[in-house]
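In what follows, a single structure is set out as C-alpha cells and then discussed.
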Ligand SMILES: NC(=O)c1ccc[n+]([C@@H]2O[C@H](COP(=O)([O-])OP(=O)(O)OC[C@H]3O[C@@H](n4cnc5c(N)ncnc54)[C@H](O)[C@@H]3O)[C@@H](O)[C@H]2O)c1
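Residue numbers (this note's numbering): 829 to 1076.
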C-alpha cells in the first residue's frame, strides 16, 4: 500500500495507459483519485467502472491544456481531494504525419496535447504542492522524445522532447521546496494506436526491443506507481525509460 492516504490527479485517464495507471494507483492504496480527460472521452464511465462501489474516485471532462479550466476543476474538487500528493500527466496524442505535408493545425495539436497539457497541469497543481511542501509529479515522455521518432511524427517527438526538458527544468525549480518532478518514457506499448498498425510494423517494433515483445500498459503503470511513491524519494528530474531496451 505504497500510496495509502494519497490524493492523486491523473490526466489522460480514459486512454489505454491512463486507465491501467489509475487501476494500479488504486491497487497501491491511493485513497482519492481525480481522473480527467477530454470531453467525450468517456472518463466518467471509466471512473464508474473503477469505483466499483467502494473507491473514492471523481472525474472531470476537460481540455487539460486549458489552464483556467484545469484550475477550476481542481477548485471544484478541493474538498474531495484535500491535499494533492501526486499528479500523473498521461494525456497525449500520437499520429503518423509526414512532416513536409503537415500543416500548422497538426503541429499545434501535437504540441497542445503532448506538451501544453503537462505544462498546464503542473502549473495548476504546484501552488498547492508547494504550500504543502511535498508532492510527486510524473510526466509522460516517449522514446521519440529521447531519440527521435522512428515512424514519421517529428512534431510529436519535438513535444515529447519538450516534456523532458520541462521536467528537468521544473525539478530544478521546485524540488528544493519538496516537490519531485520525473518523467516516464515508454517504448512501443500494445495500445489501440499500435494495434491499428500493420502486422509488419508491430513485429518490427517488438523485434527492436531486447526482450522481444511489445510493452503492456501495466509495464508503464507500475513505473508510474514507483515514481509517484516514496520508494523513488531520491529521484527527481529523471527520465525512467520503460522500453524493453529497444533503443540501446
Ligand atoms: N502507446 C504507446 O506506445 C506510447 C509510447 C510512448 C509514449 N506514449 C505516451 O503515453 C501516453 C498514453 O498513451 P496511450 O497509448 O494510452 O494513448 P491514448 O490515446 O489511449 O490516451 C491518451 C489520452 O489523452 C487524452 N488527451 C489528449 N489530449 C488531451 C487534452 N488536451 N486534455 C485532456 N486529455 C487529453 C486523450 O483523450 C486520451 O484519452 C501518451 O502521453 C503517449 O504519448 C505512448
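We put the beta carbon where it would ideally sit given N, CA and C, even for glycine.
I'd like to know if the segment 850-858 and the segment 1044-1051 are in contact, where contact means that at least 3 CB-CB pairs between them fall below 8 Å. Enough Cβ pairs lie closer than 8 Å, so yes.
Taking the alpha carbon of residue 986 as the reference point, which residue from 1066, 1007, 927 has its own alpha carbon closest? With distances taken between Cα atoms, residue 986 lies closest to 927.
May I ask you to report which of helix, strand or coil DSSP gives residue 952? helix
Residue 1052: beta carbon under 6 Å from a heavy atom of ligand 1? no
DSSP three-state assignment for residue 864, whether helix, strand or coil: In the structure shown, residue 864 falls within a strand segment according to DSSP collapsed to helix, strand and coil.
Could you pull the DSSP bridge partners for residue 1002 from this structure? Answer by DSSP bridge pairing: none, since residue 1002 is not bridged.
Following a CB-centred definition, is residue 943 positioned closer than 6 Å to any heavy atom of ligand 1? no
CB of residue 846 within 7 Å of CB of residue 901, strictly: In this structure, residue 901 does not lie closer than 7 Å to residue 846 by Cβ.
Please list the segments of the beta strand (DSSP E) lying wholly inside the segment 911-963, counting only runs of 3 or more residues, in order along the chain. DSSP assignment within the segment 911-963 yields the following whole beta strand (DSSP E) runs of 3 residues or more, N-terminal first: 914-917.
Does residue 839 come out as helix, strand or coil in the three-state DSSP assignment? Three-state result, residue 839: strand.
In this structure, how does DSSP classify residue 978 when only helix, strand and coil are distinguished? coil
Alpha helix (DSSP H) containing residue 845: first to last residue? 844-855
Pick helix, strand or coil for residue 1013, following the three-state DSSP scheme. strand
Opposing strand residues paired with residue 1053 [DSSP bridges]: Answer by DSSP bridge pairing: none, since residue 1053 is not bridged.
Between the CA atoms of residue 1005 and residue 959 - distance to the nearest angstrom: 9 Å
Can you give the Cα-Cα distance for residue 873 and residue 1018, rounded to whole angstroms? 22 Å
For ligand 1, any of its heavy atoms closer than 6 Å to the Cβ of residue 970? yes
How about residue 893: is its Cβ closer than 6 Å to a heavy atom in ligand 1? yes
C-beta contact flag for residue 908 and residue 875 at 7 Å: no
Per DSSP, residue 1068 is paired with what? 1012
Find the nearest neighbour of residue 997 within the set 967, 890, 1058, judged by alpha-carbon distance. With respect to the C-alpha of residue 997, the residue from 967, 890, 1058 having the closest C-alpha is 967.
Determine, using beta carbons only, whether residue 1034 and residue 1041 come nearer to each other than 7 Å. yes
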